[in-house]
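Report on the structure given below.
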Amino acid sequence: MPRNALIIGFGYIGRRMARRLRAADWHVAALTRSADGIAAAQGLGIAAWQGDLDQPSSLADLPVTADTAVFYLAPPPTEGVTDPRMTHFLGALTVAPHALIYISTTGVYGDSKGQMVTEESPVNPETERAKRRVAAEAALKNYAEQHPPMRHVVLRVSGIYGPDKLPLARLQRGEPIVEDSAHPSYVNVIQADDLVDICIAAAERAPRGAIYNVSSNRPVSMAAYMDVVADAAGLQRPPRISWDEAKTRISPGMLSYLTESRRVSSDKLLRELGLTLRYGDLKTGVAAALAESPQSR
């Protein structure tokens, strides 16, 4: 079992993961391109490596050995249908790590019209951002096939919520939410601490080539999700509008998100990794997030 970790993408989840790994006596390093990331790593007492995934020459001498678990959390670029960042990282490796855990997205399934999706559901990316994730998954699979016995694990993650990662500002602004029975829109979420638990469990015991959907396993409507957050934070529930109204009143980004409706099953993940989520219940997860979040105080 690996006890050395390299975190690629040292943002919200990466920093929470670093704390957890350090507490479990892992040796942790992080790759970051920003001075803020360097300072954050040093503040957590972990090794900081400055590099830019868009600049392959900056990725020399990465701290990767045959007993390292790599947690690849970095997003693809914002344009195109491929992920050169993943390609650059894999090309910089001089030794294949023990395991590489890649955070992908459930967006790779596209719109299932509200039907349940499992790991057996066909990949059907409908947006460029989803196509970039599919390309990264393929690049990783190809690398792993050429570098056995490295274990690669793909975690297709739903929306992440947690401390400082709740739609409080949107609720405070009174922005509307779609509630239209003719166009049901489901939200699948995972609490940040549960995601960290899952990443570490995947590094420790997931089989080679495993793909898992990651969610709380309890899909709800977007309106219901916003209501839970509003109630927990003592804010007004958002006003409802129809799908037709949304086309002129909701931002293009949110509208794009709402056009893809699916319910995500994480049964395989929970069964194979033997996990019990801390926050399978949305109300409990939101309450815990608010209790830790300075923005709610």
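Take the sequence shown: its letter number 235 is residue 421 in my numbering, and every next letter is one higher. Every residue, glycine too, gets a C-beta built ideally from N, C-alpha and C.
Assignment of beta-bridge partners to Arg-201 by DSSP yields no partner. Bridge pairing for Asn-374: absent [DSSP].
Counted as a single uninterrupted DSSP element, the beta strand (DSSP E) harbouring Trp-235 occupies residues 233-236. Excluding sequence positions up to five before and after Ala-416, its CB lies within less than 8 Å of the CB of Leu-357, Gln-422, Arg-423 and Pro-424, all in the same chain and listed in chain order. For Met-302, the beta-bridge partners assigned by DSSP are Arg-449.
Sequence-distant partners of Ile-232 (beyond 5 residues in either direction) whose C-beta falls short of 7 Å from its own C-beta, in its chain, are Ala-204, Arg-208, Val-214, Ala-215 and Ala-216. In the three-state reduction of the DSSP assignment, Tyr-398 falls in the strand class, which pools E and B.
Counting only runs of at least 3 residues, the region 210-269 fully encloses the following beta strand (DSSP E) elements, listed from N- to C-terminal order: 213-218, 233-236 and 254-258. If you ignore the 5 residues before and after Pro-370, its C-beta comes within less than 8 Å of the C-beta of Gly-300, Ser-407 and Ser-447, all in its own chain and listed in chain order. As DSSP reads the structure, Arg-426 sits in a beta bridge with Ile-363. The secondary-structure analysis by DSSP pairs Leu-341 across a beta bridge with Ile-289 and Tyr-398. A distance below 9 Å separates the beta carbons of Thr-254 and Ala-191. Looking at the DSSP output, Gly-348 bridges to Lys-351.
Under a 10 Å Cβ-count criterion, Gln-228 is classified as exposed, with fewer than 16 other Cβ atoms of the shown protein chains found around its own Cβ. If you compare the alpha carbons of Arg-449, Leu-459 and Arg-394 with that of Asp-297, the shortest gap goes to Arg-449. Spanning the alpha carbons of Thr-462 and Ala-387 requires a straight line of approximately 11 Å.
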